[in-house]
Amino acid sequence: MKVLGISAYYHDSAAAIIVDGKVLYAVQEERFSRIKNDDSFPEEAIKFCLKESGISLKEIDAIAFYDKPFLKFERLLETYYAFSPKGFKSFAKAMPVWLKEKLFIKQLLKKRLKALSEGDKSLKFNIVFPEHHLSHIASAFYTSPFKRSAFLTVDGVGEWTTTSFGIASAEKGIEILGEIQFPDSLGLFYSSFTYYLGFEVNKGEYKMMGLAPYSNLDSERALKFIKIIKEKLIDIKRDGSIKLNKNYFEYPVGLRMVNPKKWHKLFGFKKREPNENLVQIHADLAFAAQKVSEEILVKMITHIKQLTNETNLCLAGGVALNCVANSVIYSQNIFNDIYIQPAAGDAGGALGAALITNYLQSNLLFSGLTQPFDNYLGPYFSNIEIERTLKQNKCSYTYYESTEELLSITANYIANKKVVGWFNGRAEFGPRALGNRSILADASDPNMQSVLNLKIKFRESFRPFAPVVCQEDYGAYFEPGKQSYYMLFTNQIKESLRLKLPSNFNELSLEEKRNIPKSILPAITHVDFSARVQVVNKDLNPRFWNLIQAYKKITGNGVIINTSFNVKDEPIVNSPEDAYKCFKSTGMDVLIMENYIILK
Ligand SMILES: [Fe+2]
47 MKVLGISAYY HDSAAAIIVD GKVLYAVQEE RFSRIKNDDS FPEEAIKFCL KESGISLKEI
107 DAIAFYDKPF LKFERLLETY YAFSPKGFKS FAKAMPVWLK EKLFIKQLLK KRLKALSEGD
167 KSLKFNIVFP EHHLSHIASA FYTSPFKRSA FLTVDGVGEW TTTSFGIASA EKGIEILGEI
227 QFPDSLGLFY SSFTYYLGFE VNKGEYKMMG LAPYSNLDSE RALKFIKIIK EKLIDIKRDG
287 SIKLNKNYFE YPVGLRMVNP KKWHKLFGFK KREPNENLVQ IHADLAFAAQ KVSEEILVKM
347 ITHIKQLTNE TNLCLAGGVA LNCVANSVIY SQNIFNDIYI QPAAGDAGGA LGAALITNYL
407 QSNLLFSGLT QPFDNYLGPY FSNIEIERTL KQNKCSYTYY ESTEELLSIT ANYIANKKVV
467 GWFNGRAEFG PRALGNRSIL ADASDPNMQS VLNLKIKFRE SFRPFAPVVC QEDYGAYFEP
527 GKQSYYMLFT NQIKESLRLK LPSNFNELSL EEKRNIPKSI LPAITHVDFS ARVQVVNKDL
587 NPRFWNLIQA YKKITGNGVI INTSFNVKDE PIVNSPEDAY KCFKSTGMDV LIMENYIILK
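Just add 46 to wherever you are in the sequence shown, counting from 1, and you've got this note's numbering.
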C-alpha cells in the first residue's frame, strides 16, 4: 500500500511517503521554500517525495492529512462562544480564513494535488483525515523498536486534544485510554512562558529550555515562582491532569498568549521584549516553568504506568522535543525504555498520518523495527550535482577520490580549530541536524562557543552547542543515561571531566556564568553540566562515525560540536547552493560537500 502523508496550514508543513509500512521519504516544506516553519501547502515536499520514490499520484492508494479540520473548526467556534464577547478581534481575524479555506481542506487538497498532476481530470484521490494526536502517536509507535508500548502525546493543541495516552500494540493498534482537552494544555502553558520571556511562540520553546539551567533549586526566587505558578496559574491533579486558570491566559481567544499586566503583577517584572537583555530573573522564571512542566509529565507517566503496566513508552507531540524533560522522565525508571521519533512535532504528523492509514487500511502487522529508525529521509545530492553548483559559483575546490583521505583532512581542520560546514548524504527529517547537514567544530576550545555564535550562527550566546560522540565512546565522556541517536535527551558530563565552579557561581550574571569553563569540553557543557548529546551509531551514519574516529585519532578526544547548518532563524540548508551561500556569508572556514573540499 502506498500512502502520502501531509501536514500543513498550522506550522511545520511536511510530506512523507510510505510503501507497505516502510518510510521512504519525508521532508519539511521549509527546506525548499527557505521560510522557517513554513505552514503552506507542502508542494515542493510532495513533489520531492513522488519524484524520488518514482511513484505517481495516480498510484497512491491514500492521502493522509494529519488532522480533522471540522473538529478543529468546531473547537474554534465553541471556544469563541464560551468566551464571548472576549476575543471578538481574534474571532474576526480567524474566521474568514477558516470559512474560505481551512474548513474545506478536502477540496483545497484536491485542487492543489490536481495542479501537481498536470491537470489529469480523471484522477481520484482517497483523502483521509486521522486525528491529530493519533498521527502523533502513530509517528512514534510505528517507527519504534517496540512490539507493544504505552504512549503519551503532549502538544499545544490538535483539534480538541492537547494530551492523549494509552497503549499501542501490533494486534490492537492504538487504543486511547485518556485525554486532556483544550484549553487545558501543557504545551500552551509552556509556550505562554516562552511568550512572556520574549521568545517566539512555537519556535523559541527550546531557547527557554536552554535558559532554564542558569537558575536552580538554590534560588529563592525560582522557588517562589514555582509556588506562584502552582497556586495561581495551574492546578495539577495527582494523575498529572491539569486545569489552567483562564483568568491569566488569553490564548483561547486572544491574539496573545497571556495578559502581560496580570503576569507583571504576579511575577514582579515586565514581559521581556525580544531584543531585551536576558537577566537572572528571566532564567528563574524559565526554570520554574520547566520544573513545573517536568512535575506534570512525571505525574502523567506514573499514572500511565499504573494504568497500563507496560514496559516501554513512546512519547510524541511538540512537548516531546523538550530533551531536558525527556531525561527527567527517563531517570525516574518508571518505564524500561523510551522511544521518541525525531520529528516529534507537527512535521512528524505527515509521517504518522501516513503510517496510521497504512496500518488501518492494510493487513500489515507492526512488530517493532529491528534497526534504529533511519531519519535520513530527505534530499540527497550527488558529487556531479555538487560540482555543477560549485562551477556555477565559479569557486575553487578540490575533489578527493578517497573518502578516507577526505575524512582525515576534515578531522585535521576540526582539530586545528577550523569551523567546518559538513554536507553529506540525505537530509535529516526533524528539527535537529544529525551529521548530514551540520556545522562541526572543536569542543575542547574554550573560545569556540563565542566564535561560532558570533561568526557563524549569529544566535543568542547563552546556549552551549550540542556534542556528538560515537556510541562506543559514550561512557568515556558522559554519565550513564539514555543514549539518543537523535539528540532528544540530555546527559551529564562525566564528573571526572568537570571543572570546579567558583563558590559564588550562583551570584554571577548570566554572561559571567556562561564564560566560566565548566569542563574540559567547555563549548558543549551547559551551566548545570548537561549536554544534548547525539550518540552516533556506526550503522546509522557510518561516514559521520568514521569522521569522529579520525578526529579522535589525531586529538585523543572523541567529542565534536555538531550544530545545524544554518544561520539564526533560517531553515537548515537543503541543497549545495544553500550550503555554499551560507558558507560564503558567514565566518565558516571550510566547506565539505560529499567528496569536495572548498576553502575560504
Ligand atoms: Fe501537534
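Glycine included, C-beta positions come from ideal geometry on N, C-alpha and C.
Since the structure is predicted, the reported quantities are computational estimates derived from the model, not experimental observations.
Assigned secondary structure, residue i (DSSP; H/G/I helix, E/B strand, else coil)
i	result
Ser190	coil
Thr416	coil
Ala393	coil
Lys170	coil
Lys48	strand
Gly233	helix
Gly219	strand
Ala54	coil
Gln74	strand
Thr632	coil
Ile64	strand
Ile109	strand
Thr94	According to the sequence provided, residue 94 is Phe. The question's Thr does not apply to it. Helix, per DSSP.
Phe524	strand
Tyr445	strand
Val69	strand
Lys598	helix
Phe508	coil
Tyr426	coil
Val243	Reading off the sequence shown, one finds Leu at residue 243, where the question assumed Val. In the structure shown, Leu243 sits in coil (DSSP, three-state: anything other than H, G, I, E or B).
Gly250	coil
Leu367	helix
Leu410	coil
Leu586	coil
Val100	In the sequence under discussion, the amino acid at residue 100 is Gly, which differs from the Val named in the question. Correct three-state label for Gly100: coil.
Glu623	helix
Gly398	helix
Phe150	helix
Gln378	coil
Beta-bridge pairing of residue i - partner residues as DSSP gives them
i	result
Pro513	Ile607
Phe211	Leu198 and Gly224
Cys360	Phe197 and Tyr385
Phe469	Arg483 and Met639
Ser488	Reading off the sequence shown, one finds Asp at residue 488, where the question assumed Ser. Per DSSP, Ile606.
Leu645	Val636
Val203	Paired residue(s): none; Val203 is not in a bridge.
CA-to-CA distance, residue j to residue i, given in whole angstroms
i	j	result
Leu243	Ala332	8 Å
Asp281	Ala335	14 Å
Ser279	Ala512	Note that residue 279 is Leu in the sequence shown here, rather than Ser. C-alpha separation (whole angstroms): 33 Å.
Lys308	Phe245	19 Å
Tyr418	Leu367	Here the sequence assigns Pro to residue 418, which means Tyr is not the residue at that position. Cα to Cα, the separation comes out at about 18 Å.
Asp84	Cys95	17 Å
Ile539	His572	9 Å
Cys360	Ile570	28 Å
Leu155	Tyr55	11 Å
Tyr531	Ala479	11 Å
Ser428	Phe469	11 Å
Glu431	Ser442	16 Å
Ser190	Ile347	18 Å
Leu406	Ala60	21 Å
Ile342	Phe235	11 Å
Thr240	Leu257	11 Å
Gly602	Lys559	28 Å
Lys218	Asp420	25 Å
Ser576	Ala329	16 Å
Ile173	Val365	28 Å
Glu76	Val619	10 Å
Val299	Leu103	39 Å
Gln378	Val344	8 Å
Three Cβ pairs or more, each shorter than 8 Å: is that satisfied between the stretch 470 to 477 and the stretch 383 to 393? The stretch 470 to 477, when compared against the stretch 383 to 393, does touch it at the 8 Å Cβ threshold.
Going residue by residue through the stretch 529 to 581, where are the continuous alpha helix (DSSP H) segments of at least 4 residues, counting only ones entirely within it? 556 to 561
Please go through the stretch 281 to 351 and give each complete beta strand (DSSP E) segment of 3 or more residues, from N-terminal end onward. 288 to 290
Okay, do the stretch 504 to 520 and the stretch 597 to 609 touch, 3+ Cβ pairs below 8 Å being the bar? yes
Just checking, does the stretch 198 to 217 make contact with the stretch 227 to 242 on the three C-beta pairs under 8 Å criterion? yes
Pick out the complete alpha helix (DSSP H) segments inside the stretch 254 to 278, 4 residues or longer, and give them in chain order. With a minimum length of 4 residues, the continuous alpha helix (DSSP H) runs that stay inside the stretch 254 to 278 are 266 to 274.
Meets three-Cβ-pair contact criterion under 8 Å: the stretch 483 to 495 and the stretch 455 to 465: yes
Is it true that the stretch 500 to 507 meets the stretch 571 to 589, where meeting means three or more beta-carbon pairs spaced less than 8 Å apart? Between the stretch 500 to 507 and the stretch 571 to 589, the count of Cβ pairs shorter than 8 Å is below three; the stretches do not touch.
I want to know whether the stretch 588 to 599 touches the stretch 543 to 552 - three or more CB-CB distances under 8 Å. no
Are three or more beta carbon pairs between the stretch 611 to 618 and the stretch 72 to 84 nearer than 8 Å? yes
Contact the stretch 100 to 114 vs the stretch 170 to 187: 3+ CB pairs below 8 Å: yes
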